[in-house]
Amino acid sequence: MKTGRNDLCPCGSGKKFKKCHLGREDELAPAKSEGLDPDSAKKIFELPEVWYGRSKEMIEGLDLQSLTGKDKRIRFVDLKAYEALGVSGRERDEGPPREGSVMINLNKTKELAPDTIFVAISPKVGDSVLVHQLAHVLAYLGGADIPYDLANPLSLELEIPVEHLEHPMEFGQWLNYLADRFNVALDAEDTIVAYLFRNEMLLDSTEIMRMDPKILKPKSDKMLRFLSERGKDIDSLICEREGYIGSQVNKD
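Numbering of the sequence shown is given in my numbering, commencing with residue 24 and proceeding in unit increments.
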């Protein structure tokens, strides 16, 4: 039987599920969770390291210790080879496979390689996709540890866009930093995220983790109003960016 948000958490803490292990179900029974069979970490660890696009340049240009205070390393593996392992799932998937990238769920590798963050990329990965995924990594290392499975159920419950939960303030901060650091033209969607960050409109990860509808819903609504009011300005920023699908100004 599936545990409801207001049920007691199966971990035995005495707390409601939504206040305890919601979004972190992998920690309750890692050997039985999706994509977390005992051999998953070994399969991922044995994938050869790859350097597609500007990945090597970007990694060599980042000192994770000085930037985040964490002594970790990032290892890129081939996206198609990773998907072929049959252990994917419960991850953020950015972009279509031909140019995509995914930060592999840390629960799959933390026992075997606790100091390594694995990111799967395709041979045609673009600069904007790389920067987007590295922003997720840096936000995580900086403390924005939002559980992989939290955004979708919380989005449905509070009726707020899932993007507001997946891209917190800390992500926006690193997205701007990386785009400037490596002179990358962000795609249309990330240009909007960067714009929201500069205008202090993104949700803070600590607010998201508290899951308080009295905080998240009003701030999300405020963000939507801001986007509507600044529609023309935003359209001028993204009209020549990759992924632009046409003006959304004055559209329902």
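Ideal placement from N, C-alpha and C gives every residue a C-beta, glycine not left out.
Starting from residue i, follow the beta strand (DSSP E) in both directions and report where the run begins and ends.
i    : result
I144 : 139-144
Per DSSP, which residues does residue i bridge with? Please list them.
i    : result
R96  : T139
E285 : With the chain covering 24 to 275 only, the question about residue 285 has no answer from this structure.
Under a three-way DSSP split, which group does residue i fall into?
i    : result
H190 : coil
I169 : coil
A52  : Residue placement at A52 cannot be trusted, given a pLDDT of 47 that sits under 50; what the coordinates show is reported in the next sentence. Three-state DSSP puts A52 in coil, outside helix and strand.
K131 : helix
M224 : coil
R77  : coil
D86  : coil
E106 : helix
I268 : coil
D213 : helix
D62  : coil
A208 : coil
E230 : helix
Over what stretch of residues does the alpha helix (DSSP H) that includes residue i continue unbroken?
i    : result
S111 : Where S111 is concerned, there is no enclosing alpha helix (DSSP H), given that its DSSP letter is neither H nor E.
F249 : 236-252
V160 : 150-164
E180 : 174-181
Counting Cβ pairs, one atom from each stretch, are 3 or more of them under 8 Å apart for the region 224-240 and the region 160-172? Judged by pairs of C-beta atoms under 8 Å, the region 224-240 touches the region 160-172, as three or more such pairs exist.
Under 8 Å, with one C-beta from each stretch per pair, do the region 173-180 and the region 212-230 reach the 3-pair mark? The region 173-180 makes no contact with the region 212-230: fewer than 3 CB pairs, one atom from each, lie closer than 8 Å.
Is it a yes or a no for the region 126-144 touching the region 181-189, going by three-plus beta-carbon pairs under 8 Å? The way I'd put it, the region 126-144 doesn't touch the region 181-189; fewer than three beta-carbon pairs between them come closer than 8 Å.
Quick check: the region 87-98 against the region 136-143, are at least 3 beta-carbon pairs closer than 8 Å? Contact between the region 136-143 and the region 87-98 is present, because at least three Cβ pairs lie under 8 Å.
Using 8 Å as the threshold, is the region 187-206 in touch with the region 61-75, meaning 3 or more CB pairs across them? At 8 Å Cβ cutoff, the stretches do not touch.
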